[in-house]
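Okay, so here's the structure we're looking at.
Written as structure tokens, this is what we have:
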């Protein structure tokens, strides 16, 4: 199932290979300047692009066109696993460190990237009031309307749908993982709140698919003859996959947020210690002086 199988419409699979080559080239360029790059970020990018290729550039993509359970596995990987792995790799930070600076033509790509991050459009796309409904619309708006069957009828439309799953995952998890500069920043409690907001809706969608007594979409209503596939049973397995996939990404993101929170507190503590060393602990001396003044007034 995971043997390579590229077709004329395998745009995402080709894009995953290009993205891997570009990222590795950027890492090597950065190292030539004497600046190191965390190995685990490179590994995360490798895993992210590999997951993208695995579900779009192998025979699994072909099976996803005829089996609901395989398609839903593809959907969950593209919207939950691939975006997380790509975001943890911090590609924007890597790009900002490797792209040339300056006002000439060489500095244009970096300037465009910075302008894009600070644009009104980016802030709108990164807002939770947009990203969370868009994330949920990838479930309810696609499968509970005729849209899914229409998208599956065309190879190009199918590729656009798969790309949509990846983009919505990036927009949703981007400000929560917060490994890169992002148009909008959230506090650590806010990031955890945003993470948990769509969880019940995601779980309910999985249950609704499992409990449906008739085919939810027409595409998978008639499996290939001779495969001995019960479409309703396969549909129930698809709903179970949605339910099961909701837990692993949540745990992974929570670990990232907690680690980031602890690291930020540690950095803040070191910064305060350095400031105290530079000022001779002036703030503590001022605090003690106020206490002495209060004690004198209360005598």
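In this note's numbering, the protein residues as written are 641 to 939.
Even for Gly, the Cβ is constructed at its ideal location relative to N, Cα and C.
{"Query": "State the DSSP-derived secondary structure class of residue 859, mapped to helix, strand or coil.", "Result": "coil"}
{"Query": "Figure out for me which residue from 804, 709, 714, 667 has the closest Cα to the Cα of residue 856.", "Result": "709"}
{"Query": "Check whether the segment 803 to 812 and the segment 866 to 884 touch, using three or more Cβ-Cβ pairs below 8 Å as the test.", "Result": "no"}
{"Query": "Under a three-way DSSP split, which group does residue 785 fall into?", "Result": "coil"}
{"Query": "What separation, rounded to the nearest whole angstrom, lies between the Cα atoms of residue 795 and residue 759?", "Result": "33 Å"}
{"Query": "When DSSP labels each residue in this structure, what does residue 698 get in the three-state scheme?", "Result": "strand"}
{"Query": "If you reduce the DSSP assignment to three classes, tell me which class residue 868 lands in.", "Result": "coil"}
{"Query": "Could you tell me whether the segment 653 to 669 touches the segment 690 to 705, using the rule of 3 or more Cβ pairs below 8 Å?", "Result": "yes"}
{"Query": "Expressed to the nearest angstrom, what Euclidean distance is found between the alpha-carbon atoms of residue 819 and residue 729?", "Result": "8 Å"}
{"Query": "Candidates 686, 675, 679: which alpha carbon is nearest residue 662's?", "Result": "686"}
{"Query": "Rounded to whole angstroms, what's the CA-CA distance from residue 651 to residue 834? Just pull it up for me.", "Result": "31 Å"}
{"Query": "Can the beta-carbon of residue 595 be found closer than 9 Å to that of residue 721?", "Result": "Here the chain comprises residues numbered 641 to 939, so residue 595 is not present and cannot be evaluated."}
{"Query": "Straight-line CA distance for residue 914 to residue 736?", "Result": "With a pLDDT of only 49 at residue 914, under 50, the local geometry of the prediction cannot be trusted, and the value read off the model is given with reservation. Going from the Cα of residue 914 to the Cα of residue 736 covers about 28 Å."}
{"Query": "State the CB to CB distance for the pair residue 741 and residue 750, rounded to an integer number of angstroms; the pair is presumed to be in contact (CB under 8 Å).", "Result": "6 Å"}
{"Query": "Along the chain, where does the alpha helix (DSSP H) that runs through residue 757 open and close?", "Result": "748 to 757"}
{"Query": "First and last residue of the alpha helix (DSSP H) that includes residue 705?", "Result": "Here residue 705 belongs to no alpha helix (DSSP H), and DSSP marks it neither H nor E."}
{"Query": "Out of curiosity, what's the CA-to-CA distance linking residue 817 and residue 718?", "Result": "17 Å"}
{"Query": "In this structure, how does DSSP classify residue 583 when only helix, strand and coil are distinguished?", "Result": "The structure shown has nothing for residue 583, since the chain only spans 641 to 939."}
{"Query": "Between the alpha carbons of residue 781 and residue 887, how many angstroms are there, rounded?", "Result": "22 Å"}
{"Query": "Excluding the 5 residues flanking residue 902 on each side, which residues of the same chain have their C-beta closer than 8 Å to its C-beta?", "Result": "none"}
{"Query": "Whose C-alpha, out of 714, 775, 699, 723, is nearest the C-alpha of residue 889?", "Result": "723"}
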